[in-house]
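Residue numbers (my numbering): 134 to 320. Glycine included, C-beta positions come from ideal geometry on N, C-alpha and C.
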Amino acid sequence: ENLEKWWQEFLLSGIGANNEKTVDSLSELIFKINSEIYSFNEESQTKSATTLSLIVIYGNSYYIAHVGDSRVYAFVGAENKVYQLTTDHSTNIIKERDGQKYIQSALTDGLGHKKSIKCDLSFGLLNESVTAFLVCSDGIYKKQNDQKIAEIMGVIAGHDDKDGTSLKDETYDYSFSDVKGKKVIVR
Numbered sequence: 134e135n136l137e138k139w140w141q142e143f144l145l146s147g148i149g150a151n152n153e154k155t156v157d158s159l160s161e162l163i164f165k166i167n168s169e170i171y172s173f174n175e176e177s178q179t180k181s182a183t184t185l186s187l188i189v190i191y192g193n194s195y196y197i198a199h200v201g202d203s204r205v206y207a208f209v210g211a212e213n214k215v216y217q218l219t220t221d222h223s224t225n226i227i228k229e230r231d232g233q234k235y236i237q238s239a240l241t242d243g244l245g246h247k248k249s250i251k252c253d254l255s256f257g258l259l260n261e262s263v264t265a266f267l268v269c270s271d272g273i274y275k276k277q278n279d280q281k282i283a284e285i286m287g288v289i290a291g292h293d294d295k296d297g298t299s300l301k302d303e304t305y306d307y308s309f310s311d312v313k314g315k316k317v318i319v320r
């Protein structure tokens with residue numbers, strides 16, 4: 134609901150015409166959402182958190198808001214490479230079970246995790262080299278390396294309009310090794 138309201142205000146107010154105002158507006162939204170989740174956790178005496186990786190494309194600019202360990206990638210078709218645009222808010226911890234040590238990833242930040250969070254906000258200009266963006270959870274990037282993700286993005290990017298001007302909203306099903314049934318959504 135907060136995001137939908139923000140989007141309507143964003144479009145109607147012309148915030149998108151000013152990069153700094155857009156980033157400030159996104160920041161306020163993310164901190165408000167965090168406060169609501171945190172308050173819910175406090176009232177219900179629960180501990181829950183969620184990640185958020187959001188990309189808004191408006192005009193010739195893109196804006197990213199990020200908390201947690203989901204990721205935003207840019208795919209550069211000419212290089213057939215993906216570039217990670219976000220930094221994971223996680224750390225590896227050593228755990229032990231049945232005498233065996235193993236490494237487990239743990240969030241260092243997430244919405245609702247604590248009263249004050251670290252939210253990474255950035256913006257950039259769209260250019261011809263970026264063919265597509267991918268927003269994904271750790272269920273994708275922990276099972277596939279960047280090269281495999283780039284390969285999949287290359288297939289998707291090949292599904293553009295006949296005149297080559299834009300990608301349509303489509304969902305493509307792939308059978309990733311060890312990640313059956315995950316969907317990659319390109320908008």
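At which residues does the alpha helix (DSSP H) containing residue i begin and terminate?
i, result
"ASN151", "Per DSSP, ASN151 belongs to no alpha helix (DSSP H) and is neither H nor E."
Take residue i as the anchor and find which of the options has the nearest alpha-carbon.
i, options, result
"GLN237", "LYS248, LEU244, ASP231 and THR224", "THR224"
"PHE164", "LYS180, ILE188 and HIS246", "HIS246"
"SER262", "GLU212, ILE289 and THR183", "GLU212"
"ILE289", "VAL215, GLN178 and SER177", "VAL215"
"ASP337", "ALA207, ALA182 and LEU187", "One cannot answer for residue 337 here, as it falls past the ends of the chain, which runs 134 to 320."
"VAL156", "ILE190, VAL205 and VAL209", "ILE190"
"LEU258", "ILE188, ARG230, ASN174 and GLU175", "ILE188"
"THR184", "ASN174, PHE173, GLU175 and GLY201", "GLY201"
"ALA239", "ILE226, ARG230 and GLN233", "ILE226"
Return the first residue and the last residue of the beta strand (DSSP E) that residue i is part of.
i, result
"GLN277", "No beta strand (DSSP E) holds GLN277; DSSP gives it neither H nor E."
"SER203", "No beta strand (DSSP E) contains SER203, which DSSP labels as neither H nor E."
"ILE250", "That residue, ILE250, is in no beta strand (DSSP E); it is neither H nor E in DSSP."
"GLU229", "223 to 230"
Under 8 Å by Cβ, that's how I've got residue i and residue j pegged, so tell me the actual separation to the nearest angstrom.
i, j, result
"PHE266", "ASN152", "Not quite, the Cβ-Cβ distance comes to about 17 Å (not below 8 Å), so this is no contact."
"LEU162", "ASN135", "6 Å"
"SER270", "SER177", "Not confirmed; about 25 Å, so no contact."
"THR264", "GLY210", "4 Å"
How would you call residue i, buried or exposed, if buried means at least 16 neighbouring beta carbons within 10 angstroms?
i, result
"TRP139", "buried"
"GLY243", "buried"
"HIS292", "For HIS292, the predicted structure reports a pLDDT of 44, less than 50, and the residue's modelled location is therefore unreliable. A value from the coordinates is still provided. By the neighbour-count rule (16 or more Cβ atoms within 10 Å), HIS292 is not buried but exposed."
"SER186", "buried"
"THR179", "exposed"
"ASP296", "Residue placement at ASP296 cannot be trusted, given a pLDDT of 41 that sits under 50; the coordinates are not used to answer."
Can you find at least 3 beta carbon pairs, one from the segment 207 to 224 and one from the segment 163 to 171, that sit closer than 8 Å?
Touching, no.
Contact the segment 271 to 289 vs the segment 245 to 258: 3+ CB pairs below 8 Å:
With contact defined as three or more Cβ pairs closer than 8 Å, the segment 271 to 289 and the segment 245 to 258 are not in contact.
Count the CB pairs spanning the segment 273 to 282 and the segment 183 to 197 that are closer than 8 Å, and state whether there are at least three.
Counting Cβ pairs under 8 Å, fewer than three are found: no touch.
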